[in-house]
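The sequence shown begins at 461 in the numbering used here and counts up one residue at a time. For each residue, glycine too, the CB sits at the ideal point set by N, CA and C. Have a look at the structure below before the remarks.
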Amino acid sequence: MNSHKYQDIRIGFIGHGRMFLALSGGFLKANIVKAENITASNIHQKEQLVILDNGIRSVNMNVDVMKSSDVIILAIKPHVVSMVLDEIQNSVEKRHIIISIAAGIKMTYIENKLPAGTRVVCAVPNTPVSVACGATVCSFGTNVTSEDQLLVQSLFRTTGICETLPECYLNSVTGLSGSGPAYAFIAIEALSDGGVRMGLPRDVSTRLAAQMLMGAAKMVLETGKHPGQLKDAVCSPGGTTIAGVFSLEQSAFRGALMSAVEAATMKARQLGEN
Numbered sequence: 461m462n463s464h465k466y467q468d469i470r471i472g473f474i475g476h477g478r479m480f481l482a483l484s485g486g487f488l489k490a491n492i493v494k495a496e497n498i499t500a501s502n503i504h505q506k507e508q509l510v511i512l513d514n515g516i517r518s519v520n521m522n523v524d525v526m527k528s529s530d531v532i533i534l535a536i537k538p539h540v541v542s543m544v545l546d547e548i549q550n551s552v553e554k555r556h557i558i559i560s561i562a563a564g565i566k567m568t569y570i571e572n573k574l575p576a577g578t579r580v581v582c583a584v585p586n587t588p589v590s591v592a593c594g595a596t597v598c599s600f601g602t603n604v605t606s607e608d609q610l611l612v613q614s615l616f617r618t619t620g621i622c623e624t625l626p627e628c629y630l631n632s633v634t635g636l637s638g639s640g641p642a643y644a645f646i647a648i649e650a651l652s653d654g655g656v657r658m659g660l661p662r663d664v665s666t667r668l669a670a671q672m673l674m675g676a677a678k679m680v681l682e683t684g685k686h687p688g689q690l691k692d693a694v695c696s697p698g699g700t701t702i703a704g705v706f707s708l709e710q711s712a713f714r715g716a717l718m719s720a721v722e723a724a725t726m727k728a729r730q731l732g733e734n
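What follows is the structure in C-alpha cells.
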C-alpha cells in the first residue's frame, strides 16, 4: 500500500493506555499518518493540550478528540465504554468512523448508543502492532462502506496482518491472538530459564528463545505447512527433540495453552455481558 495515501487522515484515540501507545507507535513507525494528525485523550492531564515527545497531540477532553479526528479508536477498558459513549454521542458526525477495541463489547451496543447511521467497527489488535508484527481482526457494522473497510484494513495492515471475521468470533480472537502475546512472553521467559538452568548466560538464552519462536512462527506463515508437519521434521527417531516433546506432552503443554485461550475467551464474553 502507498504509505502516503492516508497521511492526511486524522486519527483520534479515546484512551491513553497501552493499546494507544502500541497502535499509535505502529502507525508512526509505518509512516502511515503524520504525528500531528493523531490526537489522544488523557483525562488525567491538567493541561488542555500537550504535545507528546513523538509529536502526538494529547488533550484532556474526549470531545476534543472527536472535533479534530476522522477515525476514532476507542482504546478504553470495557467498564468505561458506556460512560464514554454517553459523553461523545452528541459529537459524532457523518465523517466519523468509530473503531472499538474494547474487549467483549458488542457492536449493536455501540450502535444503539450513538446516532443512527454511525459507522462502527469492532477490532481486536494486539501489542505487537507496535513493531509491525501485530495480528488484528476486524468486524464491520452495517453502516460501514466498502471504502471505509479498505481504509481500516489498510491502517491495521501497516502494523502486521489484518483479518476480517463476523463479530461472533471476536471473543475467541481475544482469547487467542489478543491475549496471546502474554502466553508467548511466558514461553520465552520459561525457555530462557531452561537455558540458564542448563548453563547458558541469561542474555544469550533470552535472545535464542525469542529468535527461535519468531523463526518457528515465520516458518508456519511462509511455508503454509501444518505446525505438526514442521514439528515432525525436527524430531529425529530417538533424538533430543522428541525427548523434549515427550516431556511437554507429559506436562499437558497443549492442554494448558488451549485452556488459556478458553479462559480468556470466557472472560471477554463476561465483560460484554456486564
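Local Cβ density within 10 Å of residue i, reported as buried at 16 or more and exposed below that
i	result
F645	exposed
G620	buried
I426	Here the chain comprises residues numbered 461 to 734, so residue 426 is not present and cannot be evaluated.
R470	buried
S463	Caution is warranted here: a pLDDT of 49 is assigned to S463, below 50, making its placement in the model unreliable, and no coordinate value can be reported.
N522	buried
T618	buried
H476	buried
A482	buried
M461	Residue placement at M461 cannot be trusted, given a pLDDT of 45 that sits under 50; the coordinates are not used to answer.
Residue i and residue j closer than 7 Å at C-beta
i	j	result
V544	A562	no
S518	N502	yes
L534	I474	yes
V633	V591	no
V531	I548	no
L731	G594	no
V604	P575	no
I648	A676	no
F728	N631	The sequence given here places Ala at residue 728; Phe does not occur at that position. Yes, Cβ-Cβ distance for A728 and N631 is below 7 Å.
M567	E507	no
G635	A724	yes
V406	G486	Given a span of 461 to 734 for the chain in the structure shown, any question on residue 406 remains unanswerable.
Identified DSSP bridge partners for residue i
i	result
A728	Looking at the DSSP assignment, A728 forms no beta bridge with any residue, so it has no partner.
L636	Answer by DSSP bridge pairing: none, since L636 is not bridged.
T596	C622
A583	C598
S518	A500 and V510
- Query: What alpha helix (DSSP H) runs, 4 residues minimum, are completely inside the segment 462 to 513?
  - Reply: Counting whole runs of 4 or more residues, the segment 462 to 513 contains the alpha helix (DSSP H) stretches 478 to 489.
- Task: Pair every Cβ in the segment 598 to 615 with every Cβ in the segment 570 to 585, then say whether three or more of these pairs are closer than 8 Å.
- Result: In short, these stretches touch, since the Cβ pair count reaches three.
- Scan the segment 532 to 570 and note each continuous alpha helix (DSSP H) run of 4 residues or more that stays entirely inside, going in chain order. Qualifying alpha helix (DSSP H) stretches, in chain order: 541 to 548.
- Query: Pairing CB atoms from the segment 522 to 533 with CB atoms from the segment 713 to 724, are three or more of them under 8 Å?
  - Reply: The segment 522 to 533 is not in contact with the segment 713 to 724.
- Message: Tell me whether the segment 489 to 499 and the segment 689 to 698 touch, counting them as touching only if at least three CB pairs, one residue from each stretch, are closer than 8 Å.
- Response: By the Cβ criterion, the segment 489 to 499 is not in contact with the segment 689 to 698, since fewer than three pairs of Cβ atoms, one from each stretch, lie closer than 8 Å.
- Item | Length-filtered (4 minimum) alpha helix (DSSP H) runs lying within the segment 695 to 719 | Counting only runs of 4 or more, we get 700 to 710.
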